[in-house]
Amino acid sequence: MDLSTRLGFSEESKLLMIHADDAGLSHSENMATMQSLESGLVNSYSIMVPCPWFYEMAIFAKNNPQFDHGIHLTLTCEWENYKFGPVLPISEVPSLVDENGYFYKDRESLKNNALIGEVEKELKAQIEKALEFGLQPTHLDSHMYSVAAKPEFFQIYKDLGAEYNLPVPIYKEMMETVGLEIEPNINKNDIVINKLHLGKFEDFEKGKLKNYYENVFHNLSTGLNLLILHPAFDDNEMKGITVNHPNFGSEWRQIDFDYFTSKEAKLKLKEGHIELITWNDIKNARSKGHNDV
């Protein structure tokens, strides 16, 4: 029995999760994410615990348990002038930060410097902080997929999912992008997304990001699909955060918000006979004994 039938759909069903990354990154990101959940097509999101605006999004999550939310495990900070670091004291995880005490900008620096024990300690602290706040996450995922920078980090990621009984999504496309071998790092009980959909910088540069999303709806395959977006507003706050970083920058994030709250997108979803599902649906199926979901 495949995932579709386990969740009550036919084998030919097109299952889609429309997921918003980076909640907690900024006030702008939070407001756009909330509106995308309340009046748009977004049905899943994840929160960055180390970020300054975590508190605002965590309050929303507590007050709105009807919305699927996960913990966006964070080990890197890619922005030029906007910085954040571990939730633990730097003295406890010194290998995770640069000379200024912030997370490294890229996965390669993380891979070359971070100690395995400190990665585990920090990721667990992020989960514990969310739980202590009263959140009830439906899954774990990873900012910039930095958990795949090294096989040992990836195993920690999966082990934490098992420890906290939270689904952990595996994206083969992202593993390839990051440079992590696929076969040695996946086992039969892992939740492997059939197809990951994520806008490309070339589409954004050509002004065709909306066309990419329309094509996703039109050509969606059967099985479990995950579409990741980053809704925010192209305002001064986000322009400042994403300065000199047009890839997933403020303009891109405004496009994400505009399209996935539009009547046009809702119509495309309906025309494609697409079923929206959440990590909570998958988690519930697993809790009923379907561990291979």
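With the numbering used here applied, the sequence shown corresponds to residues 6 to 298, in that order.
Where a beta carbon is used, it is the ideal one built from N, C-alpha and C, also for glycine.
In the DSSP assignment, Leu201 forms a beta bridge with Leu231.
Leu21 is positioned such that its CB atom lies no closer than 8 Å to that of Ile196.
Of the residues assessed, Thr266 falls on the buried side of the cut-off, its CB having 16 or more other CB atoms within 10 angstroms.
Inclusion of Met179 and Leu201 in the CB contact set at 8 Å is warranted, their separation being smaller than that value. If you look at Ala63, you'll find it isn't in any beta strand (DSSP E); it sits in the alpha helix (DSSP H) that goes Phe59 to Asn68. By the beta-carbon neighbour count (other beta carbons within 10 angstroms, threshold 16), Thr38 is buried. When C-alpha distances from Glu85 are compared across Gly277, Val248 and Asn48, the shortest belongs to Val248. In this structure, Lys110 sits near Glu83, with a CB-CB distance shorter than 8 Å.
Between the alpha carbons of Pro57 and His32 lies a gap of roughly 9 Å. Inclusion of Pro55 and Gln160 in the CB contact set at 8 Å is not warranted, their separation being larger than that value.
Short of 7 Å from the beta carbon of Val221, and not among the five residues preceding or following it, lie these beta carbons of its own chain, in chain order: His202 and Leu232.
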